[in-house]
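Q: For the sequence shown, the residue numbers in this note's numbering are 1 to 206. Every residue, glycine too, gets a C-beta built ideally from N, C-alpha and C.
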Amino acid sequence: MTTATRRPSRRGQQTRERMLEVAEALFVEEGYQGVSIDRIVQQAGVTKGAFYHHFNDKLSAFLAVFERIDREMSDLVMEAALTGTTPLDMIRRGMRRNFELCIQPRYGRLVYIEGPAALGWHEWLRIDSKLAGAIINTGLQAGRDSGELRSPSLSALSTLLLGAILQANVAIAGADNAAATCAELATEMDHLLQSLHHQSFKEKTS
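1. From 19, 147, 155 and 119, pick the residue whose C-alpha is nearest to that of residue 133; which is it?
2. From 16, 149, 101 and 98, pick the residue whose C-alpha is nearest to that of residue 87; which is it?
3. Of the choices 126, 187 and 40, whose alpha-carbon is the least far from that of residue 55?
4. Might you give, ordered along the chain, the residues of its own chain that have their beta carbon closer than 6 Å to the beta carbon of residue 103, omitting 5 neighbours on each side?
5. Using 8 Å as the threshold, is the segment 21-31 in touch with the segment 83-97, meaning 3 or more CB pairs across them?
6. Where residue 196 and residue 30 are concerned, what is the direct C-alpha to C-alpha distance, given to the nearest angstrom?
7. Is DSSP giving residue 135 helix, strand or coil here?
8. Answer with buried or exposed for residue 166, where buried requires no fewer than 16 other C-beta atoms within 10 angstroms of its C-beta.
9. With DSSP run on the structure shown, which of helix, strand or coil describes residue 102?
10. Whole angstroms is fine: what's the gap from residue 19's alpha carbon to residue 172's?
11. Alpha carbon to alpha carbon, how far is residue 96 from residue 158?
12. Can you give me the Cβ contacts of residue 129 inside the same chain, cut-off strictly under 8 Å, excluding the 5 residues immediately before and after it?
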């Protein structure tokens, strides 16, 4: 009895995963507007009924893909950040990894080009900034606690950094030469973070 009741759920999960894999590939290759539900179910080898069992519409399928890729991207950024030797170095390493990921269409195009277009600016910003903001806030707070960073308002500084990083991500994702744009922006971000460290050091020693 137990085995029989679990099988539909397992099959259903496999069907959902198959549709998400197909939808992701189509959204990356053709963009949100260029993909139809018919294309998704045809390439996934499932019925429309199966699609609507798991998703309300094309937008809900895109949202499921987007959230999964956004979380995956955040995990990779955090993994890189944790190799840093100081709080600001953690932010630097994390953001450099973030920029590098945006070169890849799976992350750059899907999250930073198709994301705002499909979800709308405010919803996209709410989802993406929640994860990115958590990484930045953690690094800034650690920098303040260690004395490496001094700022009258970590919240304001976090907002400024987050805005700069999100705009850089969009620029890299949409650039004709994404690798060159990534390298240029990563260098400037290094300089910006270094200036925060120098300014804090001057205030500490003055």
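A: Based on what the coordinates show:
1. 155
2. 149
3. 40
4. 178, 179 and 182
5. no
6. 41 Å
7. helix
8. buried
9. coil
10. 28 Å
11. 17 Å
12. 162 and 166
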